[in-house]
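Asker:
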Amino acid sequence: MMEWLRQLEQRERRALYAGAAVVAVALVYFLAWEPYVVSRERTIETVRTQRESLAWMLHAAEQVKALRQGGASGQRASKGKSVLSQVDRSARSAGLGQFIARMEPQGNERVRIWLKQAPFDKVMTWLGRLREQQGIRVTSLDLEREKEPGYVGGRLALGS
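The sequence shown begins at 7 in the working numbering and counts up by one.
(1) Out of curiosity, what's the CA-to-CA distance linking residue 81 and residue 47?
(2) Report the three-state DSSP secondary structure of residue 130 (helix, strand or coil).
(3) Determine the burial state of residue 78: buried for a count of at least 16 other Cβ atoms within 10 Å of its Cβ, exposed for fewer.
(4) Under the rule that 16 or more other beta-carbon atoms within 10 Å means buried, what is residue 116, buried or exposed?
(5) Pop quiz: residue 159 and residue 122 are said to be a contact at Cβ under 8 Å. What is the actual Cβ separation, rounded to whole angstroms?
(6) Residues in the same chain with beta-carbon distance under 7 Å from residue 166, minus the five sequence neighbours each way, listed in chain order, please.
(7) Look at the alpha carbon of residue 109 and the alpha carbon of residue 71, and state the distance between them as a whole number of angstroms.
(8) How would you call residue 66, buried or exposed, if buried means at least 16 neighbouring beta carbons within 10 angstroms?
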C-alpha cells in the first residue's frame, strides 16, 4: 500500500488525502455527532412530557384530596337519612326522576337503580355530585347504549 502511494504523483496524493479527510469527517458526523444530537433531542422531549405529566398528577392529587374531604363532610351532614331517600331526592333534583324505572333499597346503606333511556352526561354528573356532596359511591355499574345517541339504560348500585 505504501509503495502504491509513493508511485502516485504529488497532486494525486493530495486529492487522496483530502478525500480521506472528507470521509473521516463524514464518518465522525454520521457515527457519533448525529446520533448524539438525536438522542439529546429525544431526552429533552421525554423530560418535557414527564414534567407535564407530573404537573397534571400533582393537580389531580389535589383534586382527589379535595373530593375526599368533600365526600367525608357530605357523609357527616346526611347521617341518619337512608341512602334511598338521599338518592331519590338528588336524582329528582338532577332531572333524572323520569328515567328511573325502578329503585330498590338494599338495607339502609345501599340502593339498586334501573335506568331507562337516561341522558349519559346527566347520569355521570349526578353520580359525581352524589359522591362529592353526600359521600354516596357507585358500587356497581352496568350501563348499555340506547338506540338514541347519548342515552343509556341499565342497572347501578349505590352505597355509602
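C-beta atoms are modelled at their ideal positions from N, C-alpha and C, and glycine is treated no differently.
Answerer: Taking the coordinates as given:
(1) The sequence position of residue 81 within the sequence shown is 75, counting from 1. The sequence position of residue 47 within the sequence shown is 41, counting from 1. The predicted position of residue 81 is uncertain, since its pLDDT is 46 and thus under 50; no value can be drawn from it.
(2) Here residue 130 is taken as the residue at index 124 of the sequence shown, counted from 1. The DSSP-derived three-state label of residue 130 is helix.
(3) Your numbering for residue 78 matches position 72 in the sequence shown. Confidence in residue 78 is poor, its pLDDT being 48 and thus under 50, which makes the residue's placement unreliable; the coordinate value appears in the next sentence. The Cβ neighbour count for residue 78, taken over all protein chains shown within 10 Å, is under 16; the residue is labelled exposed.
(4) Position 110 of the sequence shown holds residue 116. With 16 or more neighbouring CB atoms inside 10 Å of its own CB, residue 116 falls in the buried class.
(5) The residue given as residue 159 occupies position 153 in the sequence shown. The residue given as residue 122 occupies position 116 in the sequence shown. About 5 Å separates the two Cβ atoms, so the contact holds.
(6) One-based indexing of the sequence shown puts residue 166 at position 160. By the criterion of a C-beta distance shorter than 7 Å, residue 166 is surrounded in its chain by 81, 89, 115, 141 and 142, once the five residues flanking it on both sides are discounted.
(7) Numbered from its first residue, the sequence shown carries residue 109 at position 103. Numbered from its first residue, the sequence shown carries residue 71 at position 65. It is roughly 31 Å from the alpha-carbon of residue 109 to the alpha-carbon of residue 71.
(8) Numbered from 1 along the sequence shown, position 60 holds the residue referred to as residue 66. The residue is exposed, with fewer than 16 neighbouring Cβ atoms inside 10 Å.
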